Amino acid sequence: MSASKETEGAVAVITIRNPPVNALSQQAVESILKVLKEVQFDPAVKAIVICGENGKFSAGADIRTFENIGQKSDSLSHFLEDVNSMAEKSEKPVIAAIEGVALGGGLELALGCHYRVAHVKARLGLTEVLLGIFPGAGGTQRLPRLIGLLPALEMITTGKIVFAPVALKLGLIDSVTEDNTIKAAIHFAQNVIGKPLESRRLCTKPIQCPPNMETIFNDSKIKLKKLFHGAISHQLCVEAIRAAVQLPFAEGILKERELLFSIFNSEQARDQAKARQYAFFAERRVTKWTTPSGANWKSASPHPIGVAAVIGLGTMGRGIVVCLAKAQIQVIAVEQDGKQLEMGRKAVTKILERETLTMQQRGLALMSDSFGSITFTLDFNSLKNADLVIEAVYENMALKKEIFKQLSSICMPEAFLCTNTSGLNIDEIASVTGRPHLVIGTHFFSPAHIMKLLEVVRGYHSSPTTISTVINLSKVLGKIGVVVGNCPSFVGNRMMGPYLHQAIFLLEDGCYPEEVDKVLEEFGLAMGPFRMSDLVGLDVGWRSRMESGLTGPKLLPGALVRQREGKRYSPLPDILCEKGRFGQKTGRGWYQYETVGGRNAVPDPWVQNFLHDYRKAHTIKQKPTSQNEILEWCLYPLINEGFNVLEEEIASGPEDIDVIYNNGYGWPRHMGGPMFYASMVGLPKVLTKLEVFYENNPDIPSLKPSGLLKKLVKQGSPPLKEWRSQLGYQNSKL
Ligand code: T1G
Ligand code: NAD
Numbered sequence: 029m030s031a032s033k034e035t036e037g038a039v040a041v042i043t044i045r046n047p048p049v050n051a052l053s054q055q056a057v058e059s060i061l062k063v064l065k066e067v068q069f070d071p072a073v074k075a076i077v078i079c080g081e082n083g084k085f086s087a088g089a090d091i092r093t094f095e096n097i098g099q100k101s102d103s104l105s106h107f108l109e110d111v112n113s114m115a116e117k118s119e120k121p122v123i124a125a126i127e128g129v130a131l132g133g134g135l136e137l138a139l140g141c142h143y144r145v146a147h148v149k150a151r152l153g154l155t156e157v158l159l160g161i162f163p164g165a166g167g168t169q170r171l172p173r174l175i176g177l178l179p180a181l182e183m184i185t186t187g188k189i190v191f192a193p194v195a196l197k198l199g200l201i202d203s204v205t206e207d208n209t210i211k212a213a214i215h216f217a218q219n220v221i222g223k224p225l226e227s228r229r230l231c232t233k234p235i236q237c238p239p240n241m242e243t244i245f246n247d248s249k250i251k252l253k254k255l256f257h258g259a260i261s262h263q264l265c266v267e268a269i270r271a272a273v274q275l276p277f278a279e280g281i282l283k284e285r286e287l288l289f290s291i292f293n294s295e296q297a298r299d300q301a302k303a304r305q306y307a308f309f310a311e312r313r314v315t316k317w318t319t320p321s322g323a324n325w326k327s328a329s330p331h332p333i334g335v336a337a338v339i340g341l342g343t344m345g346r347g348i349v350v351c352l353a354k355a356q357i358q359v360i361a362v363e364q365d366g367k368q369l370e371m372g373r374k375a376v377t378k379i380l381e382r383e384t385l386t387m388q389q390r391g392l393a394l395m396s397d398s399f400g401s402i403t404f405t406l407d408f409n410s411l412k413n414a415d416l417v418i419e420a421v422y423e424n425m426a427l428k429k430e431i432f433k434q435l436s437s438i439c440m441p442e443a444f445l446c447t448n449t450s451g452l453n454i455d456e457i458a459s460v461t462g463r464p465h466l467v468i469g470t471h472f473f474s475p476a477h478i479m480k481l482l483e484v485v486r487g488y489h490s491s492p493t494t495i496s497t498v499i500n501l502s503k504v505l506g507k508i509g510v511v512v513g514n515c516p517s518f519v520g521n522r523m524m525g526p527y528l529h530q531a532i533f534l535l536e537d538g539c540y541p542e543e544v545d546k547v548l549e550e551f552g553l554a555m556g557p558f559r560m561s562d563l564v565g566l567d568v569g570w571r572s573r574m575e576s577g578l579t580g581p582k583l584l585p586g587a588l589v590r591q592r593e594g595k596r597y598s599p600l601p602d603i604l605c606e607k608g609r610f611g612q613k614t615g616r617g618w619y620q621y622e623t624v625g626g627r628n629a630v631p632d633p634w635v636q637n638f639l640h641d642y643r644k645a646h647t648i649k650q651k652p653t654s655q656n657e658i659l660e661w662c663l664y665p666l667i668n669e670g671f672n673v674l675e676e677e678i679a680s681g682p683e684d685i686d687v688i689y690n691n692g693y694g695w696p697r698h699m700g701g702p703m704f705y706a707s708m709v710g711l712p713k714v715l716t717k718l719e720v721f722y723e724n725n726p727d728i729p730s731l732k733p734s735g736l737l738k739k740l741v742k743q744g745s746p747p748l749k750e751w752r753s754q755l756g757y758q759n760s761k762l
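Quick note: the sequence shown uses my numbering, first residue 29, plus one each step.
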């Protein structure tokens with residue numbers, strides 16, 4: 029952990045060294061400060077270049093030292109600002125040579141430099157807000173002075189990362205190179221030796237401000253509130269930028285410090301920061317997968333995938349084709365008939381056109397001007413060339429088995445066979461093939477080209493190489509793969525079950541859809557259960573309930589309306605479907621929409637009357653339910669199912685579940701994930717509530733407290749990072 033100096037003629041090159049990402053620990057910053065002072069006083073040095081070792085400038089403050097988030101990051105930020113200020117005041121030009129990443133404090137350091145030269149593939153951003161804090165080393169004061177108020181507001185409040193070509197357009201950097209960045213920066217430095225530096229010091233630069241600034245700040249706060257419900261750091265970013273506009277630089281720096289300090293002084297803001305930082309490390313943790321049999325990320329090597337095939341180009345298949353093509357993988361896209369093939373082709377082309385536009389806007393076209401080629405075909409024999417096949421046909425076991433049987437005889441013996449099923453038994457699908465060790469679930473989320481999550485469902489026979497190959501593929505696709513076990517609905521959807529049932533029971537008991545949704549959306553979920561059900565389509569669940577005889581023609585005669593096999597059952601969603609209310613796709617569901625396919629959910633008086641009549645017909649007494657009760661009724665059963673999932677070794681740790689919820693189910697990151705949230709609420713409280721719920725509702729089995737939850741409480745509720753050690757196999761072979 030150090031910074032070293034070499035000289036190239038009159039140019040001193042300071043290299044930051046703190047692998048793997050040159051994070052700015054206290055020691056690293058001290059070291060930079062020391063070398064920077066040294067070169068200031070060296071008469072032979074006429075210009076200074078700052079760079080990072082191993083192709084990375086710096087990923088900012090060392091998050092590993094944030095355990096005591098308050099004190100550490102606060103003092104580190106002050107210290108880093110001293111370095112930035114020293115670089116800025118230097119009488120010798122200081123040039124940042126940016127390769128790889130300049131994020132958070134890394135970019136703040138670069139902003140203290142007089143010039144910035146970046147490699148074309150470098151990524152730059154003030155990402156602190158995503159960790160629940162905000163730039164505390166002058167970033168909120170310097171960035172608006174450099175690139176203007178509006179772009180700075182966007183970058184700082186959202187943590188947006190830009191690639192070098194866009195950074196150049198924004199004026200964030202002075203030069204882009206495709207060659208050796210350090211050499212380019214040295215060359216740049218030689219050319220600016222002796223030139224006046226005053227205009228290069230951002231601390232002296234005025235901010236160009238539009239006249240309607242107050243409106244801009246207020247609108248920004250409203251927008252951020254909608255995007256990140258209840259998240260404090262985003263709002264504080266706006267205040268810090270407001271200070272940059274209203275105050276002289278030195279006072280702005282003090283205000284930035286004061287605001288940062290306010291995060292550490294507020295319990296809620298501190299908890300949010302802890303949750304975000306936990307979520308960051310949880311995503312890294314899940315890459316180190318392990319299975320009950322002892323296979324793990326270290327023991328298996330992935331196979332590269334050059335050619336992939338997708339079967340079925342419906343909602344999911346088309347998105348999957350796009351992901352693969354964008355990752356420059358050659359794709360064979362197969363459909364069952366000409367009409368579906370043509371529809372699939374058109375849909376894929378349209379998404380790719382949109383993606384190209386977005387990539388151009390983000391300055392990415394320079395790097396990847398081509399997608400992997402796509403062959404659209406009806407010919408299953410073309411699958412013989414694929415290294416890996418992803419099946420995405422209708423959710424029907426007989427059909428899937430038929431297809432896997434065919435794949436087993438057509439595909440190369442070493443080809444991996446994946447299914448996108450959202451909950452069917454992987455082992456049953458694998459059983460019809462001659463290679464169950466190469467069969468695995470790849471559960472993408474809709475829209476597949478956007479959602480970051482991939483549940484990788486290991487079957488009983490899935491080999492470590494198969495798991496490793498799919499996890500590696502998820503990285504290549506820019507996704508986060510989480511290895512889970514094989515059980516009905518896997519992890520995410522399985523935990524959704526009790527949550528959705530409970531939300532519907534709340535309607536029977538007196539709530540309205542908009543009331544329940546509001547509570548969960550204010551909590552921070554991207555969508556409440558009813559808006560989400562309307563988006564997915566109520567018919568999806570209805571069909572599966574009909575299939576399993578819970579409703580429809582297969583329902584046994586004499587079944588009670590509100591009970592199935594002794595358990596509480598609500599027929600409300602079935603009745604809505606019988607009335608043709610499938611959600612957005614029919615313009616009516618739990619809400620009404622302005623048009624068929626409309627997205628703007630409006631409370632529907634019809635639903636309110638219907639619920640009123642239903643309660644009356646079934647003599648259900650309307651119970652008043654507080655907002656907090658709604659939250660607990662919905663979230664605690666979901667969390668309880670999470671503990672069951674852990675106990676059954678379906679997920680290997682609480683981090684796995686939280687990563688799934690943060691990336692696939694719109695769980696707010698500043699709440700960490702459902703298991704992290706449970707640990708913050710306190711396990712004894714969650715358990716006590718569930719015990720009461722279950723005692724009063726013995727006909728709802730999902731309320732029965734999980735054995736693992738009880739065990740953890742009995743052991744004094746250890747911190748989340750110790751839960752794994754309570755599970756059967758975790759970490760045993762790591
Ligand atoms: N500190 C410590 N470790 C870090 C780190 C950091 N800032 N960034 C990454 N790592 C570790 C990571 O845990 C992993 O470790 C390894 O590096 C490789 O990362 C003063 C207070 C840089 C884009 O928000 O976004 O500056 O798991 O697997 O996919 O105002 O990591 O192998 O043991 O993610 O190539 C702001 C966070 C800090 C950047 C690389 N900085 N990092 O992605 O590899 S706050 C950030 C990232 C701050 C200032 C404030 C990404 C990456 P391990 P990786 P990657
Ligand atoms: P879909 O109905 O939109 O598309 C299925 C496609 O498969 C259709 O285009 C159909 O023509 C094609 N197909 C059917 N039989 C075929 C055959 N024999 N050969 C080739 N193509 C055939 O379905 P979807 O929503 O894309 O779902 C596909 C799979 O993904 C299902 O298993 C589903 O459970 C799962 N899934 C869906 C979602 C979602 O939100 N829609 C999310 C995750 C997983």
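Even glycine gets a Cβ: it sits at the ideal position worked out from N, Cα and C. Since this is a predicted model, take the numbers as computed values, not measurements.
Taking a 10 Å sphere around the C-beta of V145, we find 16 or more other C-beta atoms and assign the residue as buried.
Put simply, of K188, A125, S450, L505 the residue whose alpha carbon is nearest the alpha carbon of P332 is L505. Judged by DSSP in its simplified three-state form, E430 adopts helix. With a threshold of 7 Å, the Cβ atom of I357 does not count as near the ligand NAD, since no heavy atom of the ligand is closer than that. Annotation for G80: the continuous beta strand (DSSP E) segment containing it runs 75-80.
Assigned with DSSP and collapsed to three states, F308 falls in helix.
In the three-state DSSP reduction, N448 falls in the coil class, being neither helix nor strand. Around P601, the same chain offers I532, L566, G569, W570 as residues with beta carbons nearer than 7 Å, after the five sequence neighbours per side are excluded. Within the model, the alpha-carbon separation for L548 versus T405 is close to 44 Å. I235 is positioned such that its CB atom lies closer than 8 Å to that of L177. With contact defined as three or more Cβ pairs closer than 8 Å, the segment 287-304 and the segment 317-332 are not in contact. Taking the C-beta atoms as reference points, V624 is found no nearer than 8 Å to K607.
Contact annotation: L174 and M183 have beta-carbon atoms that are not nearer than 8 Å. A check of alpha carbon separations from L131 across G153, M114, L639 identifies G153 as the nearest. F610 sits in coil when the DSSP states are folded into three classes, being neither helix nor strand.
In this structure V485 is buried. Its beta-carbon is surrounded by 16 or more other beta-carbon atoms within 10 angstroms.
Remark: the C-beta of S105 is in contact range of the ligand T1G, defined as less than 7 Å to any heavy atom.
Ranking M703, K211, P239, E542 by CA distance to the CA of I658 puts E542 first. Residue burial annotation: A645 is exposed, with fewer than 16 other C-beta atoms found within 10 angstroms of its C-beta. Set against 7 Å, the gap from the CB of R170 to the closest heavy atom of the ligand T1G is not smaller. Exclusion of the five residues before and after F408 leaves V362, Q434, I438 as the residues of its chain whose Cβ lies within less than 7 Å of its Cβ. Counted as a single uninterrupted DSSP element, the stretch harbouring G347 is not any beta strand (DSSP E) but the alpha helix (DSSP H) occupying residues 343-354.
Taken through DSSP and simplified to helix, strand or coil, I357 comes out as coil. In the DSSP assignment, V362 forms a beta bridge with I339, T405. The Cβ atoms of K74 and A124 lie no closer than 8 Å to each other. Residue state for E36 is assigned as strand, using DSSP reduced to three classes. F472: member of the beta strand (DSSP E) spanning 467-472, first to last residue. Taking all protein chains in view, the Cβ of P441 is surrounded by fewer than 16 other Cβ atoms within 10 Å, so the residue is classified as exposed. Distance from the Cα of I603 is smallest, within the candidate group L748, V77, E683, D641, for D641. DSSP places T155 outside both helix and strand once states are collapsed to three, so it counts as coil.
In this structure, DSSP gives E442 a state outside helix and strand, which the three-state scheme calls coil.
Between A89 and S59, the gap from beta carbon to beta carbon reaches 8 Å or more.
Per DSSP, R144 is one residue of the beta strand (DSSP E) stretching across 143-147.
With a cutoff of 8 Å on beta-carbon distance, A706 and I667 are scored as near each other. Beta-bridge pairing by DSSP links L416 to A336, F444.
Inside the segment 563-610, DSSP marks whole alpha helix (DSSP H) runs of 4 or more residues at positions 566-575, 600-606, from first to last along the chain.
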